[in-house]
Structures are given as C-alpha cells and as structure tokens.
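Under the numbering used here, the first residue of the sequence shown is numbered 414, with each subsequent residue one higher.
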Amino acid sequence: MMKDFPWIKNYPEGIPPEIHLYDHHSLVELFEKSCKKYRDRIAFENMGVPLTFGQVDKLSEDFAAYLQSLGLQKGDRIAIQMPNVLQFPVAFFGALRAGLIVVNTNPLYTPREMEHQFKDSEAKAIVIVANFAHSLEKIIAHTSIKHVIVTQLGDMLGGLKGTIVNFVVKHIKKMVPAYSLPMAVSFNDALKKGASLSLSKPTLTPNDTAVLQYTGGTTGISKGAQLSHGNLVAHNSMVTFWFHPFLKQHPGIQEVIITAIPMYHIFALSVNGILMFSEGAKSILITNPRDIPGFVKELKKHKFSIITGVNTLFNGLLNNPDFAKLDFSFLKGAVGGGMAVQDVVARKWEQVTGKPLVEGYGLSETSPVLCCNPLDGTHQMGTIGLPMPSTEVSIFDDDGNQLPQGETGEICARGPQVMSGYWQKDNTGVFFPGGWFRTGDIGLMNEQGFFKIVDRKKDMIKVSGFNVFPSEIENILAEHPKILEVAAIGVEDEKSGEAIKAFIVKRDQSLTVDEVKAFARENLTNYKVPKHYEFRAELPKTNVGKILRRSLKEETAAA
C-alpha cells in the first residue's frame, strides 16, 4: 500500500498517497477543457504580446486542420524545433489535436544531431524557426521529412512589432543564415490555410504516444523516450496536487509563471506548458534567458508568482546587481530542476527574494517529475524531495536488489508517468524486474523519506580505489566566495588510477589556484582534493544550462 511508504507521513496537508490519474483520456481533452474554462484569460505572453486561451484554442485548431490537409495521419511524427515563442504552444497543441506525435527538438542542435533525431523518429514534418533552417537544409535529404513549416521569431507579435523584430533579427543582428528549402511554407500561411479547413478530431487513448522526448545526449547517442497521453495526463494530475500549496494561496487571482527554460525541455513543457496552462495561469515566455540583463528587464514588467529554472539560471540572476532590486512581493517560490540546485544558490535565493527555491527531480523518461520538495515550507535543502503521489521510488544495487534506508545505490522508480520504453530501441537493461525504471543516478533515502542524489553513476571518479562523486567536489568549491561556477572530472593518473581535475569560472579575478587548494584541503578529505585546476572564462553547457562534464572529459583526453 502506498500509505505505508516512509515519505507519505511528510506529505503536505491535502496531498493523498494515491490519486485518480485519468480525469482526461488525452492531453487534447485536457487542453480543450482548459481553453473553454479560461477562454478570455491570457495564456502566454512573449515580448509584451499576449495570447489568450481562446486564441490558442482557435489557432491550434487551424494549425491541426492544416497538418491533416497535408495527408499526415494519426501517429505520424512531427518535429517542433523552436525556442520559447508564441508559435510553440500553437504548434504543439495543434500537432496533438491532429493526432500526431511531437518530436520535441532543441533548435541549437548541430546538423548531425538533427539528422540522428529525425531519422530515428522517422519524422514526416517539421516546424522550425528560420534561424536554424540552414542546418535543416544540410540534412533533410537523408530524412523522411516531406513537409517543412518555417517561422520567424516575430511572426506572432503582430503587424508592426513582428515586422520590426523579424527585420532586426535577420538584417541587423544577422541571426538568420541563408537557406534553401523550396518546399517550405511559412507558419502564418499554414494558419491562414487551416482557418478555412475543418479539423477531423482523432480518437486518442491514454496508451497513444503523444511526445518523443529525446534524452539530452549528454551521455552519448540521444534516445527518444515514448511519453503517452496517459503518462503526461497522470503526471499533470500528480504535479497539480503537489503545487496545491502554491496555487491555493490567492484563489481567484491568476498565477503568473516565468518560463525561461525552453519548452523543448521536458521540465518546461510539462510544468510550464501543460500544468500551468491547465490551471489557467499566464506563462511569460522568455526567448533568450542567457541574456541575463535582458531577462531581468523583462522580469521587472511582471508581478510574477512562480519561476522555474535550473541552477545556472538562478545563479546567473543572483549575480546580476539589478535582480535584487525587483519586486518579489507576489513571488510564492521557485522550483529548480534539470540539474542539482546547489545549497549556496538556494540559500542566496532565499536571502535575496525572501522566498524558497526548492528542488525537484525527474528525467525525460518520467514526464519528468518523480520527486519534489514540499512547497509548504517543509522542504529539505540538499535533497530532491519526496516521491510524487502514486509513485514508488527505491534504491537498488547493481544486481537488482532493493537496499535499505540510508544506503547508497541506483535510484529506480515506477509509476504512471514512467515511459513504456525508448522509441525503436532494445530496452534490455532499462528496467529492473517489476517495472522499475533505472535512472542512472546514484542516491539514497533518509529517515523522513526524502531522497538525495549523490551523482550520476557514469561520472563517478575512482581515486586509489575510493569512489568520489564530482557533485560533492563541485558543491564544496562553489561555497568559495570567489568562485562563480565549477565542474569536476576524473583524469588518468599513473599512481591513483584517476585524479580529480576542477574547472573553475572566477567570480573574483584575484582568485588563485593556491586559494582554491587551501579551501579544498580545509573542506575535503585528502583523496577528494583535486590534483589539477584550470580556470576558464566559461564552462560548456547544454542550452538548458547543464554543465557538460562529458565535453570537458573529451577536451582533456584529446589534449
């Protein structure tokens, strides 16, 4: 029974151990109900331009009708390759309403990465922002893509503003390299054509695949996690309950959520794009969150109540002097995901904003949330929180045996939000017997049922036979006041097998290697102290902001 698990007793008031998961048979049903309920509210806003629930409803229906007119059938795959712009939710919900499977694609992928994803998914159509169409041109002949819909960043910003944005992006900033895709149709033309067509509503069930969410590829070849309508609807029910302490604070007042993580990332798609939409919230779409000064200027315009992000984003905001000057009186809290939130960042966030930054945990394969810290003030810093309702999480050894509380092993999970498997792949070894999905993360559970991630299994460093987790090194060094960012990897060493190398971005340019060494020796046992140090202007990251240890390993090995 779920109620017997140790974490249940620490659930916030009003959250049950198990919940009814399928109030809707599909995301489309959930979407259409939300549009009807909140028709006149603003659903999304980008660059000062709003889009109501009613407009998203109409435009996505037009887009769905257009897609069907191309001959695309239920179950066909369509790639969506865009940053956070108003076109994204229209294309996403439109594709689902046409019965298609969305292949959610990072627009910054290289042509090689795009080719792999499109060939693997056998996508027949794509919606792509013009800035990256030149990359598609290079590989489209090697794919199954027959229908190309190209959009410019300003296409849904209205006549004058959209024209100005598109002109500046293309001709002033030179951000749209020349391309030739003769079969391409503009996004706005697709909407116009669809407006004169009728949508034939497909019959969708919880078992139908909704999204192929490809893993980040930070560990090698990217694989498509098959997320069904049932997975995503169940996930939405769970996380809605979990967010209840936030959402019930001011009933009747529309929530305003900051969507800085790109919606091609599963965290933003599921939490910002689906959950908050279903709750009638207004989502502020940030197209380029890496421009921290511009991001802070945008934040100043809004009475935002919730912000989601990753550790590097929160760290970047906190290191901008204008961020602390913002009005945080409407803010209820922040939720970090995608990577571990460092304690030093969480503490500083609470000092600056007066509101908590709590950590959640999940993967592309799990829709994504498996665990989250409570949002009622009982969160435990340094943990990933408690498992979601109707979700089981346990720690296993390499042989598939469950380990007792307090012991370290691989985090495994089962629940209705967990994928059925990877698209067209041999799923041997992906699950332990009993349906336990293997996350590849090493962690443990404490007495209160809170889980803690120690590190990624593959990133463990072996120093003279001792296991060293790089995240521990990174978290300690990040406490140094002169260090902005840090990454630790293992490098070959004749004496110890592997030695630790730390890559550091300075906050204060006066920082020296000797200072870092002294700090490490003071806070780490001898075999955990890095042997090698390298200062960098920046660290390699994914577009979402995860530090790429793999890239650092490859650079070091090639040197």
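C-beta: ideal position from N, C-alpha, C; glycine also.
Being a predicted model, the structure only gives us computed values, none of them experimental.
Buried versus exposed, by CB contacts within 10 Å (16 or more), residue i
i: residue 605; result: exposed
i: residue 977; result: Only positions 414 to 972 of the chain appear in this structure, which leaves residue 977 out of reach.
i: residue 472; result: buried
i: residue 439; result: buried
i: residue 528; result: buried
i: residue 590; result: exposed
i: residue 976; result: The structure shown does not extend to residue 976, since the chain is modelled only from 414 through 972, so no value can be given for it.
i: residue 632; result: Because the pLDDT of residue 632 is 44, which lies under 50, any placement of that residue in the model is unreliable, and the number read from its coordinates should be weighed accordingly. The residue is exposed, with fewer than 16 neighbouring Cβ atoms inside 10 Å.
i: residue 714; result: exposed
i: residue 618; result: exposed
i: residue 760; result: exposed
i: residue 596; result: exposed
i: residue 916; result: buried
i: residue 706; result: exposed
i: residue 573; result: exposed
i: residue 883; result: buried
i: residue 489; result: buried
i: residue 581; result: exposed
i: residue 972; result: exposed
i: residue 779; result: buried
i: residue 766; result: buried
i: residue 426; result: exposed
i: residue 970; result: exposed
Extent of the continuous beta strand (DSSP E) to which residue i belongs
i: residue 1026; result: Past the edges of the chain, shown from 414 to 972, lies residue 1026, and the structure says nothing about it.
i: residue 562; result: 560-564
i: residue 773; result: 770-775
i: residue 925; result: Segment: none, residue 925 is in no beta strand (DSSP E) and carries neither H nor E.
i: residue 493; result: 490-494
i: residue 534; result: Where residue 534 is concerned, there is no enclosing beta strand (DSSP E), although the alpha helix (DSSP H) it sits in stretches over 524-534.
i: residue 951; result: Careful: residue 951 lies outside any beta strand (DSSP E) and carries neither H nor E.
i: residue 807; result: 805-809
i: residue 863; result: Premise fails: residue 863 is in no beta strand (DSSP E) and is neither H nor E.
i: residue 722; result: 719-722
i: residue 507; result: Note, residue 507: premise wrong, no beta strand (DSSP E); alpha helix (DSSP H) at 500-510.
i: residue 457; result: 455-459
i: residue 696; result: 695-698
i: residue 938; result: Neither: residue 938 is in no beta strand (DSSP E) and is coded neither H nor E.
i: residue 905; result: 896-906
i: residue 671; result: 669-672
i: residue 737; result: Unbroken run through residue 737: none, as it is neither H nor E.
i: residue 541; result: 538-542
i: residue 874; result: 874-876
i: residue 942; result: Run containing residue 942: none; DSSP gives neither H nor E here.
i: residue 823; result: 822-827
Spatially closest choice to residue i from the options, by CA coordinates
i: residue 635; options: 534, 649 and 672; result: 534
i: residue 955; options: 815, 763, 915 and 725; result: 725
i: residue 497; options: 693, 663 and 682; result: 682
i: residue 627; options: 781, 503 and 945; result: 781
i: residue 973; options: 428, 833, 848 and 708; result: Not covered by the structure: residue 973. The range shown for the chain is 414 to 972.
i: residue 451; options: 434, 436 and 469; result: 469
i: residue 811; options: 619, 767 and 843; result: 843
i: residue 510; options: 445, 457, 919 and 570; result: 445
i: residue 925; options: 949, 417, 941 and 522; result: 949
i: residue 423; options: 864, 644 and 727; result: 864
i: residue 592; options: 752, 563, 815 and 825; result: 563
Endpoints, the alpha helix (DSSP H) within which residue i is located
i: residue 367; result: With the chain covering 414 to 972 only, the question about residue 367 has no answer from this structure.
i: residue 447; result: 440-450
i: residue 706; result: 705-712
i: residue 474; result: 466-482
i: residue 548; result: 546-552
i: residue 969; result: 962-971
i: residue 885; result: 883-890
i: residue 788; result: Segment: none, residue 788 is in no alpha helix (DSSP H) and carries neither H nor E.
i: residue 660; result: 657-660
The ligand MG heavy atom lying under 7 Å from the CB of residue i
i: residue 437; result: Of ligands this structure carries none, so the ligand MG is not represented either.
Cβ of residue i within 8 Å of any chain D Cβ
i: residue 731; result: The structure shown contains no chain D; it is built from a single protein chain.
Tell me the start and end of each unbroken alpha helix (DSSP H) in the region 565-649 that is at least 4 residues and wholly inside, in chain order.
572-580 and 600-608
Report yes or no: do three or more beta-carbon pairs, one from the region 513-520 and one from the region 620-630, lie closer than 8 Å?
yes
How do the region 488-507 and the region 690-708 stand: do at least 3 beta-carbon pairs fall below 8 Å, yes or no?
yes
Of all the beta strand (DSSP E) runs that stay within the bounds of the region 741-770, which reach a length of 3 or more residues?
746-749
Check whether the region 777-792 and the region 653-666 are in contact - that is, three or more C-beta pairs closer than 8 Å.
yes
Check your understanding: Is the region 962-970 touching the region 922-936, taking contact as three or more C-beta pairs under 8 Å?
Key -> no
*Should the region 847-867 be regarded as contacting the region 814-830, the criterion being three or more beta carbon pairs within less than 8 Å?*
yes
### Message
Does the contact criterion of 3 or more C-beta pairs under 8 Å hold for the region 860-880 versus the region 671-689?
### Response
no
Exercise. Does the region 823-833 touch the region 797-808, meaning 3 or more C-beta pairs lie closer than 8 Å?
Worked result: yes
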